[in-house]
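Written below as C-alpha cells is the structure these notes are about.
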Amino acid sequence: MRLLNMIRKRHLLTFLATLTWGVWATLAWAAPGPVPGGKYNIPLSGEPNSLDPAYITDIYAVNVANNIFDGLVEYDKDLNIVPAIADIWKIARDHKSYTFLLRKDVRFHNGRQVTAEDFVYSFQRILDPATRSPVALFFLNIEGAKAFNDGLVDRVTGLVAKDPHTLLIRLEQPYAPFLSILAMANAKVIPKEAVGIDFGTNPVGTGPFRFDAWTPGKGIILSANDGYFNGSPFLDTLYFQIYPSHEIENMFSDFERGYLEESIIPSDKYEMIKSSADYAKRYNLVSKPLLNLVYVGINVTIPPLDNIKVRQAISYAVDTDTIVKEITKRGSIRAKGILPPGLAGFNPDFVGYTYNLDKAKQLLEEAGFPNGKGIPPLELWTFSKSESVQLELQAYQKYLKAVGITVIPRVADNWQHFLSLIDEKKVPLFYAAWYGDYPDPDNFLYVLCHSRSRTNRMGYSNPIIDQALEEARREMDYMKRVEIYREVQRLVMSEAPIITQHVNSFNYLFQPWVKGVEISYLGGAYIPFRKVWIDFKPHK
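Heads up, the sequence shown stops at 817 in our numbering, and the numbers go up one at a time, no gaps.
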C-alpha cells in the first residue's frame, strides 16, 4: 500500500477544520504565517514514570515522549495511519507480513542514521524477558516473539532487516490492530548505543525535539531538533511543568497569569468559562470528545471482592449518573460500559449498571453479607488531590454507606506511589483513568481486562474473555470484530470488576498567541508540537 508524502508539507498550516469547538466556535485560530522561536509551557498533572518507550504506561510520559521519538507510522488529526520514518509499506494478502521501506534522511539526536536494524533492536528489546517491559504483550503476535519472550530462543525470527532501509515484520497470525499499535509511544525507535540504566531519564530519539533536562517534581525541558527529517519545529523549547498533586489547583491560576500556554479547565469553572464573554475574548476554548474511560477498579483478588455478588452490589449501589451530572461536569458523559463512543464495538443500547439500592442490598444478602455486615472497611485510592476527584470519592463513600459498606478515601503521595499500589494489587478499590493509546477497542478491552495484561490492575481473569479477545485480534472482518467486542463487554460488565464512571472531553483553554494546534480524539498527548508556533503579535 503506497501512501503519498503530502502530509509532510507541514509548513502549510491551517487549524483542524473538523475540530469540535465549544461555545466560541466563531473564533478563528489561524494566522498569516508561522513565526519561528519561543518557549511553549505545558502543564503535566503528574510526573512520568519513565521516558523509555519500553516502559511507558502513563499519559504523562506519552505527552513528553511523542515529541522525542518517532516510529514507523503515526496518527494524523483524523486518526488515520500515515507515514513517519516508514515512507511506504506493503501488507501481504494473508495479513501476516508487513514490509516497510524507511526514509534515508532520519537521524538520531546523537547524529547517527536510523536503519532497519534499529527497529529490530527496539522491538526485540521490548520482548526481551530481561527488559521486563509492561507493554511486551502488544508485540507477542510477531513470529517467534513468544519463544523469545519465554527465553527459549536468542532472537525474534519475525523481525528482519532485509537491508539498511527495508524492515520485514512477520506475524504468527493476522493481528487487526497491528498498524495502530505501531503508532503508539511504545513502538518508537531508539539507538542501542544510548541505552543504559538512565535511558528512561535521559532519552535519545529522532523526534522534532531533543531531551535537555528533567528536574523531578519541577519540569522537563526539550529543545528543537533543527535537523528533524520532517522540517525543523517552529518552537525553540518545550517546557513540561510538573504539578505535584498538592499543587494541582495552581495550574489554572498559572495559566491565567500567562505562565502556561494551555490549561485544562477545572470542573468547578467549566460552566462559568463556557458562558463568559470575558474568557471568550481573552482565550481560545477547545472542547472535543476523547477516547478514554474514568473508572473505579475493583480488586477481585481481595476478599470479599472476589465474590461476584459483592462486586455487583457495589456497582448497583453507586449513582454514577448523579456523580457525572453534579460533580465531574465539564462536558463529560456517563460511561455505561468500557468502550467509549467512537470505537468499534461501542453499543449505544448497552445499559450497564443503573442505580438500584434495593438490588444492591439483595445481592449483599445473597452473598452472605446482609446490610454489609462482615465486609471490612474498603480503601479507595487515587493520586489526585483535585477538588472534583475528592468530591467523587466522597460520593462513593456516601452511596456505599447506604448499603452498609464503609469506604475510606486515600490519596497516594504521587503518581509513582499510586502505580506501585495498583500494579502490585495491594488495594481493594482504586480511581483511575485510561486514555487510548491507539484507536481500537483492543486498547480498552484487551489492555484492561485480559488476564495477562500488565495494565489489568483489577486482577480480573476469565478464560472465555481471554479467548474472545485473542480471537478479536485475529479477526479481519470489521463487523465480526464489532460483535466479539460487544459480547466481551457484556460478559465483563456482568462480572463487575470495574465501575465505569464517565468519558472525559478535552476541555482546554489556549492563550491567544498559540497557533497551529491540531487535536485528535486521542487528546493533548498527541498534539504535534512540531507544527505549533507562537504569534508574538496576536490579532485583536
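Glycine included, C-beta positions come from ideal geometry on N, C-alpha and C.
Please list the terminal residues of the continuous beta strand (DSSP E) segment that includes residue i.
i: K316; result: 316-321
i: T599; result: T599 -> not in any beta strand (DSSP E); alpha helix (DSSP H) instead, spanning 597-600.
i: L436; result: 436-440
i: N569; result: 569-575
i: S244; result: Lying before the first or after the last residue shown, residue 244 is absent from the chain, which here runs from 278 to 817.
i: I336; result: Looking at the DSSP string, I336 is not in any beta strand (DSSP E); the run it does join, the alpha helix (DSSP H), is 336-345.
i: S540; result: 539-541
i: Q518; result: 514-519
i: R687; result: 684-688
i: Y398; result: First-last for Y398: 393-404, but that is the alpha helix (DSSP H), not the beta strand (DSSP E).
i: R447; result: 443-447
i: V666; result: Counting along the chain, V666 falls outside any beta strand (DSSP E), though it belongs to the alpha helix (DSSP H) covering 664-678.
i: A710; result: 706-712
i: V359; result: 358-360
Taking residue i as part of the alpha helix (DSSP H), name the residues at either end of that continuous run.
i: A557; result: 554-559
i: K367; result: Premise fails: K367 lies in the beta strand (DSSP E), 363-368, not in any alpha helix (DSSP H).
i: P740; result: 740-751
i: Y723; result: 719-726
i: F377; result: From DSSP, F377 is part of no alpha helix (DSSP H) but of the beta strand (DSSP E) over 374-379.
i: I761; result: 755-772
i: F532; result: 527-533
i: Y593; result: 585-594
i: S457; result: 455-458
Using 8 Å for Cβ pairs, my map puts residue i next to residue j. What's the rounded Cβ distance?
i: T659; j: Y708; result: 4 Å
i: G681; j: N648; result: 4 Å
i: I365; j: L456; result: Wrong, their Cβ atoms sit about 13 Å apart, outside the cutoff.
i: F783; j: L567; result: 5 Å
i: F545; j: S665; result: In the sequence under discussion, the amino acid at residue 545 is Asp, which differs from the Phe named in the question. Confirmed, Cβ separation roughly 7 Å.
Does DSSP classify residue i as helix, strand or coil?
i: Q693; result: helix
i: H779; result: strand
i: T483; result: coil
i: F425; result: helix
i: D329; result: coil
i: N463; result: helix
i: A471; result: helix
i: E656; result: strand
i: V350; result: strand
i: R611; result: strand
i: D635; result: helix
i: Y785; result: strand
i: S544; result: helix
i: T492; result: strand
i: P566; result: strand
i: R384; result: strand
i: I804; result: coil
i: I550; result: helix
i: I699; result: helix
Can you say whether residue i is buried or exposed, counting buried as having 16 or more other CB atoms within 10 angstroms of its CB?
i: L746; result: buried
i: A490; result: exposed
i: E324; result: buried
i: K465; result: buried
i: Q766; result: buried
i: F813; result: exposed
i: N387; result: exposed
i: L379; result: buried
i: P313; result: exposed
i: T655; result: Before going on, a small fix: residue 655 reads as Leu here, not Thr. Under this definition L655 is a buried residue.
i: D596; result: buried
i: L429; result: exposed
i: M770; result: buried
i: S728; result: exposed
i: R559; result: exposed
i: Q744; result: exposed
i: M753; result: exposed
Can you find the residues in the same chain that come closer than 6 Å, C-beta to C-beta, to residue i, ignoring five residues on each side of it along the sequence?
i: E539; result: Y785, F787
i: Y723; result: L746
i: R807; result: P485, P510
i: I319; result: F517
i: Y317; result: L512, L515, E538
i: N691; result: none
i: D714; result: M461, N720
i: A305; result: Bear in mind that a pLDDT of 39 at A305, under 50, signals an unreliable position, so the number given afterwards is only what the model happens to contain. Once the five neighbours on either side are set aside, A305 has no close Cβ partner at all.
i: K636; result: Y593
I'd like the list of long-range same chain contacts for residue i, defined as Cβ closer than 7 Å, with 5 residues on each side in sequence excluded.
i: D329; result: F476, G477, P480
i: Y803; result: N343, Y352, S797
i: L582; result: I575, N576, R588, P705
i: V759; result: A621, G622
Quick one: residues in its chain with C-beta nearer than 8 Å to the C-beta of residue i, no 5 flanking neighbours on either side, listed in chain order?
i: S609; result: V571, V601, H779, V780, N781, S782
i: K381; result: Q390, H442
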